[in-house]
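Each residue of the sequence shown is one higher than the last, beginning at 281 in the numbering used here.
Below is one structure, written out as structure tokens; the observations come after it.
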Amino acid sequence: MKSLTAAMGRMFAGLRFRLLALVLLVCAPLLLLMLHAAGEDRRRAVADWRAQAQNLQLLASRDEDELIGSTRQLLLAISESAYVRSLDPRRCKKGLDDLFASYPRFANLGVLTTNGQVLVCARPSLSEILADRAFVQEAIATRAFTIGSFPSAIGRPTISFGFPVLDHAGKLLAVVFAELDLQYFDRFGTEVPAQLPRGATWTELDRSGVVLARYPGDQSCIGKVFSDAELLGTVFARSEGVLEHVDPHGVRDFYAFASRPSDLAKGRVVSVLSIPRQVLFAEADQVLRTNLEWLALAAGLAFALGWGGGKFLILRPVKALARSSARLARGELSVRTGVPHTHDELGQLTLAFDQMAQALEQRERERERAAHKLQVLSYRLVEVQETERRHIARELHDEIGQSLTVAEMNLQAALRCPATAARQKRLEQSIQAVGRVLEQVHDLSLNLRPSMLDDLGLEPALHWYTHRQAGLTGLRAEFKAARLENRLDPVIETECFRVAQEALTNVVRHSKARAVTVDLSQRNGHLHLRVRDDGIGFDAAALRTRAVQGASLGLLSMEERTALAGGGLEFNTGPGKGTEVHAWFPLKWQAARLSESHND
Ligand SMILES: Nc1ncnc2c1ncn2[C@@H]1O[C@H](COP(=O)(O)OP(=O)(O)OP(=O)(O)O)[C@@H](O)[C@H]1O
Ligand SMILES: [Mg+2]
């Protein structure tokens with residue numbers, strides 16, 4: 281459980297997860313924008329819906345006016361016809377039948393007597409009930425066009441219209457009537473159904489909540505009280521508006537309602553345009569769905585690219601860097617990230633890391649080389665020191681010891697010897713022996729460190745040493761030196777002398793040269809020493825390599841000494857070309873050094 285939690289924690293803290301969170305963050309405003317746009321679409325759909333309801337209201341009102349107007353015209357024409365004025369039932373019947381056949385919207389046409397009895401009618405079966413109608417009484421009383429109440433309580437939903445038949449003197453002769461078949465009117469007489477939005481229902485109610493008209497669908501509810509009492513209450517409480525309401529069948533509908541005056545209903549009529557919510561918002565919801573699908577697709581794609589791309593573009597170099605850093609920390613200096621050095625920040629980072637590792641590796645190699653060289657030098661130094669001691673011991677024993685022995689024996693013999701001449705000889709021999717000892721001690725000390733170097737300086741000491749070595753070996757020697765203004769720093773003097781000493785020793789030991797030149801000069805703030813011979817020369821690179829491996833010490837010690845003193849060294853040589861050893865040192869003067877130490 282713990283490890284699972286830790287793994288989850290690692291995943292959520294990981295770079296890739298952060299990248300994906302960024303993708304989601306980018307998607308969030310888009311999602312909000314889409315939801316906002318969908319909200320706007322819905323608002324627009326409701327507004328359009330309301331405008332449509334108002335148009336339909338106007339259309340219904342116009343239809344009603346047209347219907348009443350045309351019925352009035354028809355009844356006027358019938359009332360003025362000769363057959364009606366004749367009040368002859370037979371003629372009336374024929375005239376009405378002709379008209380009835382041409383006006384299918386009417387359920388009946390007829391003529392009533394002034395006391396409300398049916399004189400004649402096109403559909404006799406329906407005539408009995410007419411006498412009770414208030415519109416007949418009203419037409420008789422007002423002598424004007426009247427409209428019956430709606431709907432008739434029995435039979436088919438119809439509305440009756442009455443018109444008085446007056447003679448020229450204005451005396452009431454009869455009343456003509458027409459019964460409008462509302463169902464027929466619904467089917468052919470109004471444009472409202474054709475203008476209805478898809479899925480919507482149009483209902484007209486009179487002030488008592490009775491359904492006057494309903495398109496499309498169930499006509500059985502016409503003439504009955506509207507079944508949704510709750511909605512009815514709300515609709516009658518306001519003159520117009522839009523509301524969302526769940527109908528008795530559990531369907532959530534939108535209702536746009538408004539009232540208008542109606543002659544047919546004899547008062548105000550409320551028209552209600554209803555539509556199921558999902559139909560009204562179908563278009564907006566479809567746009568939202570499509571947008572969400574595109575967003576999900578884009579987010580999924582971005583997710584997949586982020587997941588895969590994050591692995592290759594970010595995680596891989598970062599992990600390679602982390603791994604390489606850990607190995608570098610363990611001392612594996614040859615480690616490299618192995619990631620291509622692109623121009624982006626990560627590429628630059630890996631490049632910097634690889635360069636750092638390379639520099640470290642190179643430094644380590646140089647350090648190892650220097651350490652090895654130091655080890656070889658130390659070993660050789662000890663060896664040389666031992667050789668030197670052996671040499672001094674042999675000198676002391678073989679030369680100085682023997683000479684002193686001879687001097688001792690001579691002195692003892694001189695003691696025992698009575699004759700003055702013989703003693704004289706012994707003493708002279710002793711003096712010679714002591715003289716040789718002195719000379720040997722002098723040579724020994726000069727080879728160790730010529731006192732001339734300390735007393736007179738570099739130039740005289742080198743001059744003397746060059747000619748002494750040449751004298752000992754039969755070489756032709758030349759010494760050239762530019763005049764030095766002052767004594768050099770003791771370290772520079774010693775190191776320069778030792779380099780010259782080794783170079784001359786090499787000339788004597790290896791070069792097979794006939795002549796040697798030692799040249800001491802100043803240039804560009806440096807002291808230059810050149811020891812040139814006309815000998816056999818050598819392969820400097822190869823012999824230096826061998827020296828590093830421990831074969832010899834001279835070449836390396838010359839390098840070390842010049843480097844220690846802050847200068848440098850080069851060999852201009854080759855097999856058969858003679859040799860020039862060129863060493864240079866910084867020009868440091870003894871006086872400056874003294875004043876420096878004084879200042880300190
Ligand atoms: N002037 C020279 N002419 C010809 N060969 C030379 C000269 N100087 C040096 N060499 C060659 O370079 C080799 C290396 O010289 P280096 O001074 O290091 O060693 P070494 O003289 O043999 O021994 P040591 O360690 O005692 O000096 C020599 O053995 C010799 O072969
Ligand atoms: Mg040597």
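Yeah, the Cβ is synthetic: ideal placement off N, Cα and C, and Gly gets one too.
Remember, predicted model here, so these are calculated numbers, not experimental data.
Residue i to residue j span [Cα, whole Å]
i             : j              : result
threonine 753 : threonine 746  : 11 Å
alanine 637   : threonine 825  : 27 Å
glutamate 510 : alanine 517    : 11 Å
proline 730   : leucine 738    : 10 Å
serine 366    : serine 440     : 23 Å
leucine 768   : arginine 841   : 16 Å
cysteine 307  : threonine 570  : 16 Å
aspartate 377 : alanine 402    : 5 Å
glycine 479   : valine 559     : 7 Å
glutamine 397 : alanine 327    : 53 Å
glycine 815   : isoleucine 680 : 35 Å
serine 801    : lysine 868     : 14 Å
tyrosine 495  : cysteine 501   : 11 Å
proline 698   : tyrosine 659   : 58 Å
glutamine 709 : alanine 762    : 46 Å
leucine 874   : alanine 741    : Confidence in leucine 874 is poor, its pLDDT being 44 and thus under 50, which makes the residue's placement too unreliable to answer from.
alanine 411   : asparagine 395 : Bear in mind that a pLDDT of 47 at alanine 411, under 50, signals an unreliable position, so the model cannot answer this.
glycine 588   : alanine 606    : 25 Å
Range covered by the alpha helix (DSSP H) that runs through residue i
i                 : result
alanine 538       : First-last for alanine 538: 532 to 542, but that is the beta strand (DSSP E), not the alpha helix (DSSP H).
alanine 517       : 509 to 517
leucine 844       : 834 to 844
lysine 705        : 700 to 728
alanine 827       : 820 to 828
glutamate 573     : 562 to 589
serine 440        : Per DSSP, serine 440 belongs to no alpha helix (DSSP H); it is in the beta strand (DSSP E), 438 to 446.
aspartate 734     : 731 to 735
leucine 299       : 295 to 359
lysine 599        : 596 to 609
phenylalanine 415 : 414 to 422
Residue i CB to nearest heavy atom of ligand 1 below 7 Å
i              : result
histidine 671  : no
aspartate 813  : yes
threonine 797  : no
valine 714     : no
alanine 827    : yes
leucine 849    : no
asparagine 804 : no
threonine 859  : yes
serine 902     : This structure leaves residue 902 out entirely; the chain is present only between 281 and 880.
serine 658     : no
arginine 789   : yes
leucine 823    : yes
glycine 817    : yes
leucine 661    : no
leucine 835    : yes
Span of the beta strand (DSSP E), counted from its first residue to its last, around residue i
i                 : result
histidine 806     : 806 to 813
glutamine 397     : Careful: glutamine 397 lies outside any beta strand (DSSP E) and carries neither H nor E.
tryptophan 744    : Per DSSP, tryptophan 744 belongs to no beta strand (DSSP E); it is in the alpha helix (DSSP H), 738 to 753.
arginine 548      : 547 to 556
histidine 525     : 520 to 526
leucine 367       : Counting along the chain, leucine 367 falls outside any beta strand (DSSP E), and DSSP gives it neither H nor E.
glutamate 860     : 859 to 866
phenylalanine 457 : 452 to 461
Check: residue i C-beta below 7 Å from any heavy atom of ligand 2
i             : result
serine 832    : yes
glutamate 668 : no
glutamate 782 : yes
threonine 842 : no
threonine 785 : yes
Proximity below 8 Å, CB of residue i to CB of residue j
i             : j             : result
arginine 596  : arginine 557  : no
aspartate 486 : valine 400    : no
glycine 856   : histidine 806 : no
valine 811    : valine 788    : no
leucine 695   : glutamate 775 : no
valine 567    : aspartate 321 : yes
leucine 389   : arginine 423  : no
glutamine 749 : leucine 784   : yes
lysine 653    : leucine 823   : no
valine 505    : valine 490    : yes
aspartate 508 : alanine 387   : no
alanine 333   : alanine 536   : yes
tyrosine 363  : arginine 352  : no
Residue i at chain C interface by Cβ criterion, 8 Å
i             : result
glutamate 346 : No chain C appears in this structure, which consists of one protein chain only.
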